[in-house]
Ligand code: 1CP
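Residue numbers (the numbering used here): 428 to 780.
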């Protein structure tokens with residue numbers, strides 16, 4: 428491979444970052460840290476910028492995407508940025524009528540429930556999300572040595588929105604389709620896997636240095652259902668992105684029983700929520716894979732010394748894995764004090780790696 432063929436992520440500045448070193452299981456100068464949902468949510472400067480601009484419009488405007496993605500990097504000094512976007516952006520880009528309703532989340536105008544509905548999901552082409560390419564390119568220039576994480580929703584989590592029509596507690600319609608019409612289910616997840624993989628490829632081609640596959644709601648499944656109905660499709664996304672040469676992180680909530688299977692799906696790093704200590708998680712995932720996590724986001728509402736004691740215990744527990752990226756066990760809660768996150772970053776950076 429000549430120098431000119433090297434992906435942007437392999438540039439000397441980005442590849443030496445603590446975040447990428449930890450993802451590869453190499454020695455780190457300090458434990459790297461970033462926060463799921465660090466962009467948007469709790470920052471007053473985010474709320475000011477978003478005022479009057481619908482969420483999906485904000486995601487399609489490179490000027491806003493760049494500024495919102497940079498806000499937490501400036502404020503907290505985190506070791507990685509995550510693109511400001513949403514898991515439903517590629518669905519909208521292929522023509523699905525989806526809106527993000529404030530206070531609710533993604534709402535699908537015409538839910539997907541039959542074999543005929545599958546035809547409504549066409550493949551994603553890079554031109555469908557040219558604003559993502561433009562945003563990522565601009566961000567890589569602004570971020571310098573700070574790596575940018577691209578992301579996509581995993582097939583199951585995307586399917587749960589498409590089938591339910593919006594956020595769901597019990598995922599009953601999704602599970603009914605999965606068990607009742609397995610052929611339709613697998614056809615749906617196959618198309619979603621290809622869309623997710625294409626969305627990740629676009630972001631890496633534009634310069635993203637790592638990707639995260641969010642299977643946020645996979646924890647509602649039993650291990651056998653996960654293995655039969657979901658894992659092959661997440662594995663497909665990960666296989667389709669293996670050649671890109673960037674770390675692939677795979678995360679879900681409430682996935683304690685699924686961690687082994689999620690590791691087997693083929694990611695480089697497995698994200699862990701707060702329910703399972705990292706040393707236990709590392710055993711379940713397999714000793715060769717770095718882990719990411721896992722402070723309970725609610726602990727950030729406790730006094731600083733409690734937050735820092737919890738963080739220290741997590742870092743010590745993470746030593747069991749070949750690499751550890753510090754994070755929360757799920758996204759930043761909207762009411763979180765930004766100063767508590769800033770103090771946490773300083774604490775993690777100062778704690779022995
Ligand atoms: O108007 C607003 O401010 C909308 C709130 C909002 C924001 C800021 C939504 C609606 N999405 C986002 C951005 C977003 N979504 C990011 C930004 C980058 C960052 O992490 O900082 C990311 C990574 C996502 C990914 C996402 N969207 C996930 C996976 C991550 C997770 O938290 O589990 C999921 C499940 C969604 C769906 C979604 N979009 C928005 C909401 C409120 C939800 C969840 C709804 C539900 O409970 O089902």
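Heads up, the beta-carbon is just placed ideally off N, CA and C, and yes, glycines get one too. This structure is a prediction, so every number in the text was calculated from the model and none was measured.
Going by beta carbon distance, what residues of the same chain come within less than 6 Å of residue 448, once the five residues before and after it are set aside?
Along the chain shown, one-based indexing puts residue 448 at 21. The residues 455, in chain order, have a CB closer than 6 Å to that of residue 448 in the same chain once the five nearest residues on each side in sequence are set aside.
Sorted by chain position, which residues of the same chain lie with C-beta nearer than 8 Å to residue 685's C-beta, five sequence neighbours on each side aside?
Translated into the one-based positions of the chain shown, residue 685 becomes position 258. Excluding residues within five positions, the ones whose Cβ falls inside 8 Å are 645, 646, 648, 650, 653 and 679.
How about residue 658 and residue 692: do their beta carbons lie closer than 8 Å?
Locating residue 658 in the chain shown gives position 231, where the first residue counts as 1. Locating residue 692 in the chain shown gives position 265, where the first residue counts as 1. In this structure, residue 692 lies closer than 8 Å to residue 658 by Cβ.
Find out if the Cβ-Cβ distance for the pair residue 550, residue 621 is shorter than 8 Å.
For this step, residue 550 is matched to residue 123 along the chain shown. For this step, residue 621 is matched to residue 194 along the chain shown. Going by C-beta atoms, residue 550 is nearer than 8 Å to residue 621.
With respect to the beta strand (DSSP E) encompassing residue 535, which residues constitute its N-terminal and C-terminal limits?
Looking up residue 535 in the chain shown gives position 108. Where residue 535 is concerned, the enclosing beta strand (DSSP E) stretches over 532 to 535.
Who does residue 754 pair with in a DSSP beta bridge?
Indexing the chain shown from 1 puts residue 754 at position 327. Residue 754 is bridged to 721.
Could you pull the start and end residues of the beta strand (DSSP E) that residue 677 belongs to?
Here residue 677 corresponds to residue number 250 of the chain shown, with the count starting at 1. Where residue 677 is concerned, the enclosing beta strand (DSSP E) stretches over 675 to 678.
Beta-carbon within less than 6 Å of residue 464's beta-carbon, same chain only, minus the 5 sequence neighbours each way: which residues are those?
Counting from 1 along the chain shown, the entry for residue 464 is found at position 37. Within the same chain, 758 and 759 come within 6 Å of residue 464 by CB-CB distance, once the 5 residues on both sides are set aside.
Using only CA atoms, which one of 607, 637 and 736 lies nearest to residue 792?
No information on residue 792 is available, as it lies outside the stretch 428 to 780 that the chain covers here.
Going by Cα to Cα distance, which pick from 715, 723, 690 and 696 is closest to residue 703?
Locating residue 703 in the chain shown gives position 276, counting from the first residue. It is 723.
Looking only at its chain, what residues have a beta carbon closer than 6 Å to the beta carbon of residue 593, apart from the 5 residues adjacent to it on each side?
Indexing the chain shown from 1 puts residue 593 at position 166. So the qualifying residues of the chain are 534.
Is residue 575 helix, strand or coil when you go by DSSP?
Looking up residue 575 in the chain shown gives position 148. Under the three-state reduction of DSSP output, residue 575 falls in the strand class.
May I ask you to check if the CB of residue 454 is nearer than 7 Å to at least one heavy atom of the ligand 1CP?
Walking along the chain shown from the start, residue 454 turns up at place 27. No - the ligand 1CP has no heavy atom lying nearer than 7 Å to the Cβ of residue 454.
When burial is assigned at 16 or more other CB atoms within 10 Å of the CB, is residue 715 buried or exposed?
For the purposes of this step, residue 715 is identified with residue 288 of the chain shown, where counting begins at 1. Result: exposed.
Going by DSSP, name the residue or residues bridged to residue 615.
Within the chain shown, residue 615 is the residue found at index 188, counting from 1. According to DSSP, residue 615 bridges with nothing at all.
Nearer than 7 Å: is that true of the beta carbon of residue 641 relative to any heavy atom of the ligand 1CP?
Counted from its first residue, the chain shown places residue 641 at position 214. Result yes, Cβ under 7 Å from the ligand 1CP.
Does the distance from the CB of residue 675 to the CB of residue 695 come in under 8 Å?
Here the question's residue 675 lines up with position 248 in the chain shown. Here the question's residue 695 lines up with position 268 in the chain shown. The answer is yes: Cβ separation under 8 Å.
Verify the contact flag: residue 514, CB atom, against every heavy atom of the ligand 1CP, threshold strictly below 7 Å.
Here residue 514 is taken as the residue at index 87 of the chain shown, counted from 1. Under cutoff, so the answer is yes.
Please tell me whether residue 475 has its Cβ less than 8 Å away from any Cβ of chain D.
The displayed structure is made up of one protein chain only, and chain D is not part of it.
Rank 711, 779 and 483 by C-alpha distance to the C-alpha of residue 523 and give the top, closest one.
Here residue 523 corresponds to residue number 96 of the chain shown, with the count starting at 1. Nearest C-alpha to residue 523: 483.
Is any non-hydrogen atom of the ligand 1CP found closer than 7 Å to the C-beta of residue 482, if you look at the structure I gave you?
In the chain shown, the residue the question calls residue 482 occupies position 55. Because some heavy atom of the ligand 1CP lies under 7 Å away, the Cβ of residue 482 counts as near it: yes.
Could you have a look at residue 713 and say whether DSSP puts it in helix, strand or coil?
As a position in the chain shown, residue 713 is number 286, starting the count at 1. DSSP places residue 713 in coil when its eight states are reduced to three.
To the nearest whole angstrom, what separates the beta carbons of residue 582 and residue 660, a pair I think is in contact under 8 Å?
On the chain shown, residue 582 is found 155 positions in, with the first residue counted as 1. On the chain shown, residue 660 is found 233 positions in, with the first residue counted as 1. With a Cβ gap of about 4 Å, residue 582 and residue 660 count as contacting.
May I have a chain-ordered list of the alpha helix (DSSP H) segments no shorter than 4 residues that lie completely inside the stretch 510 to 552?
516 to 520 and 542 to 545
With a threshold of 8 Å, are at least 3 pairs of Cβ atoms found where one atom belongs to the stretch 463 to 478 and the other to the stretch 732 to 742?
no
Note the first and the last residue of the continuous beta strand (DSSP E) segment covering residue 640.
Taking the chain shown and counting its residues from 1, one reaches residue 640 at position 213. Counting along the chain, the beta strand (DSSP E) containing residue 640 begins and ends at 637 to 641.
Could you please give the first and the last residue of the uninterrupted beta strand (DSSP E) stretch that includes residue 696?
Numbered from its first residue, the chain shown carries residue 696 at position 269. Run containing residue 696: 696 to 698, per the beta strand (DSSP E) assignment.
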